[in-house]
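In the numbering used here, each number is its position in the sequence shown, counted from 1, plus 2.
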Amino acid sequence: MSALSRKHGPCPMCGGSDRYRFDDKGGSGSYYCNQCGAGSGVDLVMGVLGLDFSEARKRILAEAGHAPVVVAKAARAEGEAATKIVDDIWRTSHPLNGFDAASKYLEKRGLRMDPWPKLLRFHPRMRYVHEDKSVTYHPALVARFVGAAAAAFQVQTIYLTEDGDKADLPSVKKFAPCKFPFGGAVRLCPSSETMGIAEGIETAMAAMILYDVPVWATFTEGLLLKWEPPQTAKNIIIFADADQSYKGQASAFALAHRLKTEGYRVDGRCLKN
3 MSALSRKHGP
13 CPMCGGSDRY
23 RFDDKGGSGS
33 YYCNQCGAGS
43 GVDLVMGVLG
53 LDFSEARKRI
63 LAEAGHAPVV
73 VAKAARAEGE
83 AATKIVDDIW
93 RTSHPLNGFD
103 AASKYLEKRG
113 LRMDPWPKLL
123 RFHPRMRYVH
133 EDKSVTYHPA
143 LVARFVGAAA
153 AAFQVQTIYL
163 TEDGDKADLP
173 SVKKFAPCKF
183 PFGGAVRLCP
193 SSETMGIAEG
203 IETAMAAMIL
213 YDVPVWATFT
223 EGLLLKWEPP
233 QTAKNIIIFA
243 DADQSYKGQA
253 SAFALAHRLK
263 TEGYRVDGRC
273 LKN
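And the structure:
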């Protein structure tokens with residue numbers, strides 16, 4: 003199976019052509035995708051086969067006998083280390099104040115809010131590791147992605163200049179090296195009976211300003227498809243990105259279909275980039 007070759011290649015979960023690598027750290031079956039983030043072998047089985055944790059565990063046990071005991075220990079240790087990284091990034095970042103580089107970045111895109119969303123922060127000196135292993139430090143916008151159960155989170159970092167422009171780096175947007183909690187989103191505002199959902203943070207903020215409804219963001223098309231509405235929500239508005247590949251619209255339609263079958267009232271909007 004090419005997805006287990008340890009070489010960069012197509013992601014078996016999101017379908018990206020050259021953003022995925024199976025690294026199998028410590029025999030844990032781990033992987034990393036520039037879009038989906040990092041995860042263990044159990045996460046990989048869950049994502050590829052569409053299983054929950056219990057079903058994935060049974061499938062692995064059936065295929066590998068007692069080996070998963072070793073895998074689980076390695077995955078647990080790796081997960082704890084990744085959680086510490088995420089916690090440290092969030093702990094050392096600061097609320098937006100309107101004058102920092104992250105605030106400037108958003109304001110240059112016409113995205114001014116008062117107050118600023120609490121799950122968006124500014125990091126004054128975010129570490130960036132280059133391909134040659136050299137390290138540089140840059141201001142950054144940090145967005146906190148919270149799981150549906152609100153117990154775990156992931157972060158996205160957008161590297162910036164002091165003036166609020168995107169930094170001149172090979173990968174301006176990066177995720178922390180840990181898995182995404184199930185069904186989550188960047189909760190830009192409190193939930194309500196009518197909720198909006200979008201892929202990108204900027205699309206979500208623009209929709210909030212234009213339509214005066216609470217909107218959350220999921221970062222990627224794959225995560226948009228897995229989003230679980232909060233318990234308060236009954237009416238869902240999906241704000242799709244109007245990209246030329248139609249991937250954004252396709253993901254929005256797929257999510258709309260799922261939510262409709264689950265009993266939600268669903269509407270859609272398409273925002274031009």
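Just so it is clear, CB atoms sit at the ideal spot from N, CA and C, and this is done for glycine as well. Fair warning: this is a prediction, and the values are worked out from it, not measured in the lab.
Inter-residue spacing [alpha-carbon to alpha-carbon] between residue i and residue j
i: residue 210; j: residue 114; result: 11 Å
i: residue 87; j: residue 93; result: 10 Å
i: residue 112; j: residue 158; result: 21 Å
i: residue 250; j: residue 23; result: 24 Å
i: residue 256; j: residue 227; result: 7 Å
i: residue 62; j: residue 42; result: 12 Å
i: residue 173; j: residue 38; result: 15 Å
i: residue 264; j: residue 254; result: 15 Å
i: residue 135; j: residue 162; result: 20 Å
i: residue 142; j: residue 127; result: 7 Å
i: residue 153; j: residue 180; result: 14 Å
i: residue 192; j: residue 216; result: 7 Å
i: residue 258; j: residue 138; result: 42 Å
i: residue 144; j: residue 218; result: 15 Å
i: residue 12; j: residue 33; result: 12 Å
i: residue 70; j: residue 100; result: Residue placement at residue 70 is flagged as unreliable, the pLDDT there being 49, under the threshold of 50; the coordinate-derived value follows with that caveat. Spanning the two alpha carbons is a distance of roughly 49 Å.
i: residue 260; j: residue 197; result: 16 Å
For residue i, the residue or residues it bridges with in DSSP
i: residue 243; result: 273
i: residue 50; result: Paired residue(s): none; residue 50 is not in a bridge.
i: residue 44; result: In the DSSP output, where bridge partners are listed per residue, residue 44 has none listed.
i: residue 11; result: 22
i: residue 39; result: 35
i: residue 267; result: 237
i: residue 96; result: 124
Extent of the continuous alpha helix (DSSP H) run through residue i
i: residue 107; result: 103-109
Supposed contact pair residue j and residue i - C-beta distance, whole angstroms, cut 8 Å
i: residue 15; j: residue 50; result: 6 Å
i: residue 106; j: residue 166; result: 3 Å
i: residue 140; j: residue 178; result: Not a contact, Cβ separation roughly 16 Å.
i: residue 243; j: residue 201; result: 6 Å
Beta strand (DSSP E) segment containing residue i, residue limits
i: residue 23; result: 22-24
i: residue 34; result: 33-35
Any chain D beta carbon closer than 7 Å to residue i
i: residue 235; result: No chain D appears in this structure, which consists of one protein chain only.
Ordered list of alpha helix (DSSP H) runs contained in the region 180-249, each at least 4 residues: Counting only runs of 4+ residues, the alpha helix (DSSP H) found wholly inside the region 180-249 occupies 203-213 and 223-228, in chain order.
I'd like the ranges of any alpha helix (DSSP H) spanning at least 4 consecutive residues and lying wholly in the region 120-178. Fully contained in the region 120-178 is no alpha helix (DSSP H) run of length 4 or more.
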